[in-house]
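Numbering (my numbering), first residue to last: 1372 to 1777.
Every residue gets a Cβ at the ideal spot worked out from N, C-alpha and C, and that includes glycine.
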């Protein structure tokens, strides 16, 4: 066969193979469902936004008296929990046994099966337990910090460290925002808020339930709340080889406008008077850098409690919040002095921390946090946080609460 004939033969065979390949169905492996994500537009919908992300820097009321109906507080466990069989237990004892095994022994005679969702649980001991069957089960569960649910139809007792709960609050936006921030401060992020009945639903363990019960009791005494208005900026110096010259603030503002300067692990916090407002701060920085607003919003901290504000909840379009959060624990002392422990965190952990003391009417400004901490690689650029604390005094009442926040 000549070279030309060989070339034609090879071309013919190639075309035949291609036709066969096209004729055969192509079987693709199913796409990994974990690679499919909810659209960003859907995730961006947050019912808190109109309340949390609306800060009026022009008219800020430093002290707000807020009435609330005490009886509106209620913490309830969700889900069906059937009544246990009724009979007496006498002389039930066990020694250093995991709680689920103790309950298996206790319920065996009653023909009840025990299912542990997230065991094994704490090992405990008991001597000569007596009483109603349900009360003995309750004592064992509480000793091991677990919950139980009974299905009477199938005769199954299910054990778990966490249950779904709903906290009903007064119809007050500052109060429900504060409670949401406290729940997030406890590390619970999968909460659902119902703005029709002012309730918060979340999964809780025994420790969290105790904290929520304690918080409700505190509202018996008309507690003080501290509200923080927050704005977060990224600064990109006009000269990328030079830092922001913060010492120029001493010339730009009257002496005494900056009352204290404190160094943290990273960054510094300045306590300022109201002579340094957000608008004046922007004017000062505008001559040195490009200013990008990352986020602007508010959060509420009950006195002596820890609350969390996730920057991403109020982030601007296109501004990556990089998982940043501001955590604050507040204490209001005499003469309206406010002590605040502020922690800045990202997804990877804590960035910096400050203990700040200021008088009502003073603000604080956190400066000098390199943007590299927040995933932005730009020389000499930094992130700053401006916070204005305000006081909310609560007052128990039987009157209808005005549904507003300032």
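Give me, in chain order, the residues of the same chain whose beta-carbon lies closer than 6 angstroms to that of residue i; leave out the 5 immediate sequence neighbours on both sides.
{"i": "residue 1763", "result": "1435, 1437, 1545, 1596 and 1598"}
{"i": "residue 1507", "result": "1460 and 1500"}
{"i": "residue 1576", "result": "1532 and 1533"}
{"i": "residue 1758", "result": "1599, 1601 and 1735"}
{"i": "residue 1475", "result": "1485"}
{"i": "residue 1641", "result": "1629, 1632 and 1736"}
{"i": "residue 1518", "result": "1531 and 1534"}
{"i": "residue 1428", "result": "1649"}
{"i": "residue 1564", "result": "1571"}
{"i": "residue 1574", "result": "1533 and 1535"}
{"i": "residue 1473", "result": "1465 and 1511"}
{"i": "residue 1503", "result": "none"}
Considering only DSSP beta bridges, list what residue i is partnered with.
{"i": "residue 1711", "result": "1701 and 1727"}
{"i": "residue 1696", "result": "1681 and 1716"}
{"i": "residue 1671", "result": "1598"}
{"i": "residue 1640", "result": "1633 and 1737"}
{"i": "residue 1454", "result": "None, per the DSSP bridge assignment."}
{"i": "residue 1538", "result": "1446 and 1571"}
{"i": "residue 1483", "result": "Residue 1483 is not bridged to any residue."}
{"i": "residue 1604", "result": "1664 and 1755"}
{"i": "residue 1761", "result": "1598"}
{"i": "residue 1497", "result": "1465"}
Under DSSP, the alpha helix (DSSP H) around residue i begins and ends at which residues?
{"i": "residue 1504", "result": "1504-1514"}
{"i": "residue 1747", "result": "Where residue 1747 is concerned, there is no enclosing alpha helix (DSSP H), given that its DSSP letter is neither H nor E."}
{"i": "residue 1612", "result": "Careful: residue 1612 lies outside any alpha helix (DSSP H) and carries neither H nor E."}
{"i": "residue 1653", "result": "1649-1657"}
{"i": "residue 1423", "result": "1420-1423"}
{"i": "residue 1620", "result": "1620-1623"}
{"i": "residue 1411", "result": "1411-1414"}
Would you mind giving the Cβ-Cβ distance between residue i and residue j, rounded to the nearest angstrom? I have them listed as a contact below 8 angstroms.
{"i": "residue 1643", "j": "residue 1629", "result": "5 angstroms"}
{"i": "residue 1444", "j": "residue 1539", "result": "7 angstroms"}
In the DSSP assignment, find the beta strand (DSSP E) that holds residue i and state where it starts and stops.
{"i": "residue 1735", "result": "1734-1741"}
{"i": "residue 1469", "result": "1459-1469"}
{"i": "residue 1520", "result": "1518-1522"}
{"i": "residue 1543", "result": "First-last for residue 1543: undefined, no H or E at that position."}
Considering only residues of the same chain and omitting the five flanking positions on each side of residue i, which have a CB-CB separation below 8 angstroms?
{"i": "residue 1392", "result": "At residue 1392 the pLDDT is 43, less than 50, meaning the model places this residue with poor confidence; the figure from the coordinates comes in the next sentence. Once the five neighbours on either side are set aside, residue 1392 has no close Cβ partner at all."}
{"i": "residue 1420", "result": "1684 and 1685"}
{"i": "residue 1399", "result": "For residue 1399, the predicted structure reports a pLDDT of 43, less than 50, and the residue's modelled location is therefore unreliable. A value from the coordinates is still provided. Nothing listed; no residue qualifies."}
Please go through the same chain and pick out, in chain order, the residues whose beta-carbon is closer than 7 angstroms to the beta-carbon of residue i, but skip the five residues on each side of it.
{"i": "residue 1415", "result": "none"}
{"i": "residue 1395", "result": "Residue confidence for residue 1395 is low, a pLDDT of 39 falling below 50, so the modelled location carries little weight; the figure read from the coordinates is stated next. Within the same chain, residue 1395 has no close Cβ partners at all."}
{"i": "residue 1718", "result": "1694"}
{"i": "residue 1739", "result": "1638, 1639 and 1753"}
{"i": "residue 1669", "result": "1423, 1426, 1598, 1599, 1600 and 1601"}
How about residue i: is its C-beta nearer than 9 angstroms to some C-beta of chain C?
{"i": "residue 1510", "result": "Structure shown: chain C not included; a single protein chain is present."}
Requested in this report: List in chain order: all unbroken alpha helix (DSSP H) runs of 4+ residues lying wholly within the region 1557-1592.
Outcome: Runs found: 1577-1589.
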